[in-house]
Amino acid sequence: MGLTEQVTAVEAGESGKASAPEYQGALGSLSVNASLTDVLARGVEELRAAESAGDLKETARCSLAVAEACRRLGRTAEADQAWKAGYRAARAAGDAAAMAWALWSGGTLARQRGAFRLAYRLLALAAEWGERGGDVVVRGYSLAGLAETGRIQGDYAAVEELHEQLLAEARRRGEARHTVWALEGIAQMHRNTGAYDRAHALFEEAAEIADRAEDRRGWAWALRGMADVLSVRDGDVEQALTLLSRAEAACRTMELRGALAFNLKMRGNVLYRAGRYDQARELYTRALTEFRDMAEPRGTALSRLGLAKARARLGRDSAETAAELAVLRTELNRIGLHHARDMVDKAAAELGVGPLPGPVPRAAAATTPPDAYRAEALRATDVAGLR
């Protein structure tokens, strides 16, 4: 499919239902809301058939679906094997676009595993190969992946404009799924900087668009964001929990393991803010178990932070709390989760156990450093190239 045809197809799809371009070839008819277990089973079946037929392009397409299903199910080692196998098949077939999709999957997995340097490298390569292959969709996904990686690290200055540009482009092309993604990313940055009204409005808009497009994944993430804002801004515990229950039901249908774990962690946040520390401790503990099992460092760290705060409120020795927070801060700084690292210092102040023992990364905490690898990767973000 040529560049013009792809843009036309995306524009046509927005006014209807959300699509899943990561499901291709024999798997192209799968819904964005399909159960991941079903996607994986079908993907493995079609992958074996493609390998038996010696069809390298179809092998690459099926490997992509297998990689994404495994990643979202928390089966990260299998996801790693699948995207690499898909890349090798795509390269052997000389298919630049398929190479780009494999690199995008690998970059997304690297971010999920906390390997941010690798994530930037793979996503920048994916954007480059998407352009070479004339695939505007994978290039857009790759640029969005770069933006999301920076946002998760807390480097809002570097990626805020890129989020806005990608939102404008998604609206121009009429692409519902990416419009929802961009709205949620911008909303999260507003929420984290205290602009709660703006954040809630954007999450609400994202939920409405996702609902119309039948993008249940995007809808569930938007509800989680709304619940967070209602909790922190209004102290509305019951409405927040109701929204999280609705989001959880959607995620269970699709078996979105990571999203379910973040839902647990957010329930813990809501209950912690309400002073229900025993319940919050239980939820943080459950979330921590899930994230550790998936080898997901960001969720693990945030759950550890919540659990440390809940235990402190329940009478844990202040020296033990301070020591745990210091270790956690060091780990977050090492990984590169700058926003979460700053949250640890705020927690120490909130609990009255600061300043934390050990070296305090004051310069790093003040502003997120413009790491060379991130700056280099973000040079690939020419949104005009999507037109």
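For the sequence shown, numbering that gives the first Met the number 0 assigns the number 0 to the initial residue and increments by one for each residue that follows.
By construction, the Cβ of each residue, glycine as well, lies at the ideal position given by its N, Cα and C atoms.
- Collapsing the DSSP output to three states places residue 129 in a helix.
- Under the criterion of beta carbons closer than 8 Å, residue 108 and residue 78 qualify as touching, at roughly 5 Å.
- Less than 7 Å divides the Cβ of residue 59 from the Cβ of residue 97.
- DSSP, read as helix, strand or coil, puts residue 149 in helix.
- Between the C-alpha atoms of residue 279 and residue 326 there is a straight-line separation of about 22 Å.
- By the criterion of a C-beta distance shorter than 7 Å, residue 84 is surrounded in its chain by 62, once the five residues flanking it on both sides are discounted.
- A distance of 7 Å or more separates the beta carbons of residue 182 and residue 161.
- Counting every other CB atom within 10 Å of its CB across the protein chains shown gives residue 51 a total below 16, marking it as exposed.
- The three-state secondary structure of residue 16, taken from DSSP, is coil.
- Secondary structure of residue 236 (DSSP, three-state): helix.
- In this chain, the alpha helix (DSSP H) harbouring residue 296 covers 296-312.
- Comparing alpha carbon positions, the residue from 231, 157, 151 closest to residue 375 is 157.
- Secondary structure at residue 269: helix, using DSSP grouped into helix, strand and coil.
- For residue 231, there is no enclosing alpha helix (DSSP H), as DSSP gives it neither H nor E.
- By the neighbour-count criterion, in which a residue is buried when 16 or more other Cβ atoms sit within 10 angstroms of its Cβ, residue 145 is buried.
- Within 10 angstroms of the beta-carbon of residue 296 lie 16 or more other beta-carbons, which makes it buried.
- Taking 7 Å as the cut-off, the beta carbon of residue 218 is found closer than this to the beta carbon of residue 210.
- Counting along the chain, residue 188 sits inside the alpha helix (DSSP H) bounded by residues 175-191.
- Burial check for residue 106: the Cβ neighbour count within 10 Å reaches 16 or more, so the residue is buried.
- In this structure, the beta-carbon distance from residue 282 to residue 267 falls below 7 Å.
- For residue 51, the enclosing alpha helix (DSSP H) covers residues 35-52.
- When the five nearest sequence neighbours on each side are left out, the beta carbons in the same chain lying within less than 7 Å of the beta carbon of residue 57 are those of 24, 25, 49, in order along the chain.
- Annotation for residue 106: the continuous alpha helix (DSSP H) segment containing it runs 95-111.
- DSSP places residue 353 outside both helix and strand once states are collapsed to three, so it counts as coil.
- Residue environment: residue 28 is assigned as exposed (fewer than 16 neighbouring CB atoms within 10 Å of its CB, all protein chains considered).
- Measuring C-alpha to C-alpha distances from residue 246 to each of 263, 234, 112 identifies 263 as the nearest.
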